[in-house]
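Following: one structure in C-alpha coordinates, then a few remarks.
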Amino acid sequence: MTLETRTVLANARDVAAAVPGLRAGIVWRSDAPFLGDAAPAGLAPWPPTTVVDLRDPVEAGDRHPLAATSTVHAIPVLPDAAAAGSRAGASLTELYRGMITGDAGRAVAAVAITIAVEDGPVLVHCSAGKDRTGVSVALVLALIGTARDSIVADYVVTAANMGGVVDRMAAAWAGEATGSPTGVDVSRIPAAYLTAPADAIEVVLDAWDAYGGAETWFLAHGGSAAHVAALRERLLG
(Lines of atoms letter the chains of each structure in order from A; the text may use other names.)
(Lines give C-alpha, C1' and ligand atoms only; values in the text may rest on other atoms or scores of the structure.)
Protein backbone atom coordinates (compact mmCIF):
# COMPACT_ATOMS: atom_id res chain seq x y z
CA MET A 139 0.00 0.00 0.00
CA THR A 140 1.28 3.44 -0.90
CA LEU A 141 1.47 6.39 1.44
CA GLU A 142 -0.88 8.28 -0.87
CA THR A 143 -3.57 5.62 -0.45
CA ARG A 144 -3.40 5.98 3.31
CA THR A 145 -3.42 9.77 3.42
CA VAL A 146 -5.98 10.78 0.78
CA LEU A 147 -9.69 10.08 1.13
CA ALA A 148 -10.66 7.60 -1.57
CA ASN A 149 -14.36 8.42 -1.93
CA ALA A 150 -14.69 12.12 -1.14
CA ARG A 151 -16.81 14.48 -3.20
CA ASP A 152 -19.22 17.38 -3.17
CA VAL A 153 -22.68 15.96 -3.82
CA ALA A 154 -23.34 18.96 -6.06
CA ALA A 155 -20.91 17.55 -8.63
CA ALA A 156 -23.47 14.97 -9.75
CA VAL A 157 -26.64 16.98 -9.17
CA PRO A 158 -27.46 19.86 -11.53
CA GLY A 159 -28.64 23.01 -9.76
CA LEU A 160 -27.42 22.01 -6.30
CA ARG A 161 -25.37 24.56 -4.36
CA ALA A 162 -21.77 23.48 -3.96
CA GLY A 163 -20.03 23.54 -0.59
CA ILE A 164 -23.00 22.38 1.47
CA VAL A 165 -23.13 18.56 1.47
CA TRP A 166 -19.94 16.57 1.14
CA ARG A 167 -19.62 12.80 1.42
CA SER A 168 -16.66 10.49 1.93
CA ASP A 169 -15.19 7.33 3.34
CA ALA A 170 -13.83 7.46 6.89
CA PRO A 171 -11.15 10.14 7.45
CA PHE A 172 -7.81 9.23 9.02
CA LEU A 173 -5.64 11.52 11.11
CA GLY A 174 -3.26 13.36 8.79
CA ASP A 175 -5.30 12.97 5.61
CA ALA A 176 -4.60 15.64 3.01
CA ALA A 177 -7.36 18.09 2.13
CA PRO A 178 -9.44 16.42 -0.60
CA ALA A 179 -9.45 18.05 -4.02
CA GLY A 180 -12.60 20.03 -4.68
CA LEU A 181 -13.69 20.30 -1.04
CA ALA A 182 -12.80 23.77 0.16
CA PRO A 183 -12.48 25.19 2.69
CA TRP A 184 -11.24 22.06 4.45
CA PRO A 185 -11.88 20.86 7.12
CA PRO A 186 -15.68 21.01 7.06
CA THR A 187 -17.63 22.97 9.64
CA THR A 188 -19.63 19.90 10.62
CA VAL A 189 -19.04 16.16 10.37
CA VAL A 190 -21.77 13.51 10.58
CA ASP A 191 -20.22 10.13 11.41
CA LEU A 192 -22.58 7.23 10.67
CA ARG A 193 -20.31 4.44 11.93
CA ASP A 194 -21.01 2.27 14.94
CA PRO A 195 -18.90 2.87 18.08
CA VAL A 196 -16.49 0.00 17.35
CA GLU A 197 -15.79 1.30 13.84
CA ALA A 198 -15.45 4.89 15.01
CA GLY A 199 -13.05 4.44 17.90
CA ASP A 200 -12.57 6.90 20.74
CA ARG A 201 -11.86 10.18 18.96
CA HIS A 202 -12.76 11.39 15.50
CA PRO A 203 -9.72 12.58 13.50
CA LEU A 204 -11.50 15.87 12.69
CA ALA A 205 -12.75 16.51 16.23
CA ALA A 206 -10.18 19.25 16.85
CA THR A 207 -11.38 21.33 13.91
CA SER A 208 -15.01 20.36 13.22
CA THR A 209 -18.22 19.80 15.16
CA VAL A 210 -18.74 16.04 15.01
CA HIS A 211 -22.17 14.44 15.32
CA ALA A 212 -22.11 10.67 15.87
CA ILE A 213 -25.28 9.20 14.36
CA PRO A 214 -24.77 5.43 14.13
CA VAL A 215 -27.28 4.20 11.57
CA LEU A 216 -26.56 0.56 12.42
CA PRO A 217 -25.45 -0.01 16.05
CA ASP A 218 -23.54 -3.11 14.91
CA ALA A 219 -22.88 -2.67 11.21
CA ALA A 220 -21.23 -6.06 10.70
CA ALA A 221 -24.04 -7.98 12.38
CA ALA A 222 -26.65 -6.02 10.46
CA GLY A 223 -25.06 -6.92 7.15
CA SER A 224 -22.52 -9.54 6.24
CA ARG A 225 -22.76 -11.71 9.36
CA ALA A 226 -26.51 -11.87 8.99
CA GLY A 227 -26.20 -12.91 5.35
CA ALA A 228 -28.28 -10.00 4.11
CA SER A 229 -28.07 -8.96 0.48
CA LEU A 230 -27.13 -5.38 -0.29
CA THR A 231 -30.72 -4.49 -1.15
CA GLU A 232 -31.95 -6.10 2.08
CA LEU A 233 -29.39 -4.11 4.03
CA TYR A 234 -30.60 -0.91 2.40
CA ARG A 235 -34.26 -1.68 3.11
CA GLY A 236 -33.32 -2.24 6.73
CA MET A 237 -31.74 1.21 6.92
CA ILE A 238 -35.07 2.94 6.34
CA THR A 239 -37.03 1.12 9.03
CA GLY A 240 -37.16 1.46 12.81
CA ASP A 241 -34.26 3.03 14.67
CA ALA A 242 -32.05 2.94 11.57
CA GLY A 243 -34.64 4.93 9.65
CA ARG A 244 -34.84 7.51 12.41
CA ALA A 245 -31.05 7.82 12.33
CA VAL A 246 -31.10 8.39 8.57
CA ALA A 247 -33.74 11.09 9.09
CA ALA A 248 -31.53 12.64 11.79
CA VAL A 249 -28.75 13.07 9.23
CA ALA A 250 -31.04 15.18 7.05
CA ILE A 251 -32.13 17.17 10.10
CA THR A 252 -28.50 17.88 11.02
CA ILE A 253 -27.73 19.14 7.52
CA ALA A 254 -30.84 21.33 7.66
CA VAL A 255 -29.94 23.07 10.93
CA GLU A 256 -26.16 23.42 10.65
CA ASP A 257 -24.22 26.16 8.85
CA GLY A 258 -21.34 25.73 6.44
CA PRO A 259 -20.17 22.54 4.75
CA VAL A 260 -21.37 19.26 6.26
CA LEU A 261 -19.34 16.09 5.64
CA VAL A 262 -21.35 12.86 5.87
CA HIS A 263 -19.36 9.64 6.09
CA CYS A 264 -19.39 6.06 7.27
CA SER A 265 -16.56 3.59 6.66
CA ALA A 266 -16.70 3.31 2.88
CA GLY A 267 -18.92 6.31 2.20
CA LYS A 268 -21.25 4.03 0.25
CA ASP A 269 -24.10 2.33 2.12
CA ARG A 270 -25.12 4.36 5.17
CA THR A 271 -23.80 7.51 3.54
CA GLY A 272 -25.49 6.66 0.25
CA VAL A 273 -28.92 6.16 1.79
CA SER A 274 -28.61 9.28 3.95
CA VAL A 275 -27.53 11.49 1.06
CA ALA A 276 -30.25 10.01 -1.15
CA LEU A 277 -32.83 11.09 1.43
CA VAL A 278 -31.54 14.66 1.49
CA LEU A 279 -31.65 14.82 -2.29
CA ALA A 280 -35.11 13.27 -2.49
CA LEU A 281 -36.45 15.73 0.08
CA ILE A 282 -35.46 18.71 -2.05
CA GLY A 283 -37.01 17.25 -5.19
CA THR A 284 -33.89 16.02 -6.97
CA ALA A 285 -34.55 13.96 -10.09
CA ARG A 286 -34.25 10.23 -9.53
CA ASP A 287 -31.54 9.81 -12.15
CA SER A 288 -29.37 12.44 -10.43
CA ILE A 289 -29.75 10.69 -7.06
CA VAL A 290 -28.66 7.43 -8.65
CA ALA A 291 -25.83 9.17 -10.51
CA ASP A 292 -24.38 10.50 -7.26
CA TYR A 293 -24.59 7.09 -5.62
CA VAL A 294 -22.88 5.12 -8.40
CA VAL A 295 -19.84 7.44 -8.49
CA THR A 296 -18.61 5.36 -5.55
CA ALA A 297 -18.20 2.25 -7.72
CA ALA A 298 -15.05 3.61 -9.34
CA ASN A 299 -13.59 4.53 -5.94
CA MET A 300 -14.00 1.19 -4.17
CA GLY A 301 -10.45 -0.01 -4.84
CA GLY A 302 -9.02 2.88 -2.85
CA VAL A 303 -11.69 2.50 -0.18
CA VAL A 304 -10.81 -1.15 0.35
CA ASP A 305 -7.10 -0.31 0.57
CA ARG A 306 -7.76 2.24 3.30
CA MET A 307 -10.07 -0.10 5.23
CA ALA A 308 -7.45 -2.83 5.05
CA ALA A 309 -4.80 -0.42 6.33
CA ALA A 310 -6.99 0.45 9.30
CA TRP A 311 -7.58 -3.22 10.10
CA ALA A 312 -3.85 -3.98 9.86
CA GLY A 313 -2.96 -1.02 12.08
CA GLU A 314 -1.00 0.62 9.27
CA ALA A 315 -3.04 3.82 9.06
CA THR A 316 -2.04 6.51 11.54
CA GLY A 317 -4.86 7.79 13.71
CA SER A 318 -7.49 5.38 12.40
CA PRO A 319 -9.68 3.07 14.50
CA THR A 320 -9.39 -0.69 14.11
CA GLY A 321 -12.10 -0.68 11.47
CA VAL A 322 -13.36 -3.94 9.97
CA ASP A 323 -11.76 -7.04 8.49
CA VAL A 324 -12.22 -6.41 4.77
CA SER A 325 -11.55 -10.07 3.98
CA ARG A 326 -14.83 -10.98 5.70
CA ILE A 327 -16.95 -8.57 3.69
CA PRO A 328 -18.97 -10.29 0.92
CA ALA A 329 -17.91 -9.23 -2.57
CA ALA A 330 -21.37 -7.80 -3.28
CA TYR A 331 -20.89 -5.36 -0.41
CA LEU A 332 -17.89 -3.86 -2.18
CA THR A 333 -19.96 -2.73 -5.16
CA ALA A 334 -22.29 0.23 -5.70
CA PRO A 335 -24.97 -0.96 -8.15
CA ALA A 336 -27.76 1.39 -9.15
CA ASP A 337 -30.44 -1.08 -8.12
CA ALA A 338 -29.36 -0.91 -4.48
CA ILE A 339 -30.25 2.76 -4.09
CA GLU A 340 -33.24 2.38 -6.43
CA VAL A 341 -34.74 -0.06 -3.91
CA VAL A 342 -34.68 2.73 -1.33
CA LEU A 343 -36.19 5.27 -3.71
CA ASP A 344 -38.93 2.77 -4.59
CA ALA A 345 -39.66 2.22 -0.89
CA TRP A 346 -40.03 5.94 -0.28
CA ASP A 347 -42.34 6.23 -3.29
CA ALA A 348 -44.45 3.38 -1.93
CA TYR A 349 -44.63 5.18 1.43
CA GLY A 350 -46.13 8.24 -0.25
CA GLY A 351 -42.89 10.03 -1.01
CA ALA A 352 -39.64 10.79 0.77
CA GLU A 353 -41.14 13.74 2.64
CA THR A 354 -44.02 11.67 4.02
CA TRP A 355 -41.50 9.07 5.18
CA PHE A 356 -39.28 11.77 6.69
CA LEU A 357 -42.15 13.31 8.65
CA ALA A 358 -42.96 9.88 10.07
CA HIS A 359 -39.36 9.36 11.22
CA GLY A 360 -38.72 12.54 13.19
CA GLY A 361 -38.41 15.22 10.53
CA SER A 362 -40.59 18.28 10.03
CA ALA A 363 -41.79 20.47 7.19
CA ALA A 364 -39.51 23.20 8.57
CA HIS A 365 -36.51 20.90 8.14
CA VAL A 366 -37.47 20.23 4.53
CA ALA A 367 -37.83 23.96 3.88
CA ALA A 368 -34.42 24.58 5.47
CA LEU A 369 -32.82 21.91 3.30
CA ARG A 370 -34.29 23.45 0.18
CA GLU A 371 -33.07 26.89 1.20
CA ARG A 372 -29.57 25.60 1.99
CA LEU A 373 -29.17 23.46 -1.10
CA LEU A 374 -31.21 25.26 -3.73
CA GLY A 375 -30.98 28.87 -2.53
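The opening residue of the sequence shown carries number 139 in the numbering used here; numbering runs sequentially from there. Each residue gets a CB set at the ideal place from its N, CA and C atoms; glycine is no exception. If you're wondering where the values come from, they're calculated on a predicted model, not measured in any experiment.
Who pairs with T188 in a beta bridge, going by DSSP?
In DSSP, T188 forms a bridge with T209, V260.
Whose CA, out of G258, D175, R161, lies closest to the CA of T209?
The shortest Cα separation from T209 among G258, D175, R161 belongs to G258.
Cα separation between F172 and P203?
So the alpha carbons of these two residues sit roughly 6 Å apart.
Would you kindly report the start and end of the unbroken alpha helix (DSSP H) that includes V341?
First-last of the alpha helix (DSSP H) with V341: 336-349.
Could you name the residues that DSSP lists as bridge partners for S168?
In DSSP, S168 forms a bridge with H263.
Looking only at C-alpha atoms, which of A182, A247, P214, V295 sits nearest to E197?
Answer by Cα proximity: P214.
Along the chain, where does the alpha helix (DSSP H) that runs through T271 open and close?
Where T271 is concerned, the enclosing alpha helix (DSSP H) stretches over 270-281.
In its own chain, which residues sit with a C-beta less than 7 Å from the C-beta of R286, not counting the 5 before and 5 after it?
The answer, listed in chain order, is L343.
Taking contact to mean 3 or more Cβ pairs, one atom from each stretch, closer than 8 Å, check whether the region 329-342 and the region 227-234 are in contact.
Yes, the region 329-342 is in contact with the region 227-234.
Tell whether a beta-carbon distance below 8 Å holds between V190 and T252.
Closer than 8 Å, so yes.
Work out the CA separation of D241 and E256 for me, nearest whole Å.
Roughly 22 Å between the two C-alpha positions.
Exposed or buried, what is A150 when buried is set at 16 or more other beta-carbons lying within 10 Å of its beta-carbon?
Buried: at least 16 other Cβ atoms inside 10 Å.
Quick one: residues in its chain with C-beta nearer than 8 Å to the C-beta of A175, no 5 flanking neighbours on either side, listed in chain order?
Looking at the sequence shown, residue 175 is not Ala but Asp. Excluding sequence neighbours, D175 sits near T145, V146, L147, P203.
To the nearest angstrom, how far is it from the Cα of F356 to the Cα of L369?
Cα to Cα, the separation comes out at about 12 Å.
Give the straight-line distance between the Cα atoms of A312 and V324, rounded to the nearest whole angstrom.
Spanning the two alpha carbons is a distance of roughly 10 Å.
Using a threshold of 8 Å, state whether the C-beta atoms of A330 and L230 are closer than that.
Yes, they are a contact pair.
Select from A228, A170, G180 the residue whose C-alpha is nearest the C-alpha of I327.
Comparing Cα-Cα distances from I327 to each of A228, A170, G180, the minimum goes to A228.
By how many angstroms is the C-alpha of V295 removed from the C-alpha of M307?
Looking at the two C-alpha atoms, the distance is approximately 18 Å.
Return the CA-CA distance between A352 and A358, expressed in angstroms with no decimal places.
Taking the straight line from one Cα to the other gives about 10 Å.
D152 bridges to which residues according to DSSP?
DSSP output for D152 lists W166 as bridge partner(s).
By Cβ distance below 6 Å, which residues in the same chain neighbour A383 in space, the five residues on each side in sequence not counted?
Summary: the structure shown does not reach residue 383, with the chain confined to residues 139 through 375, and so no result is reported for it.
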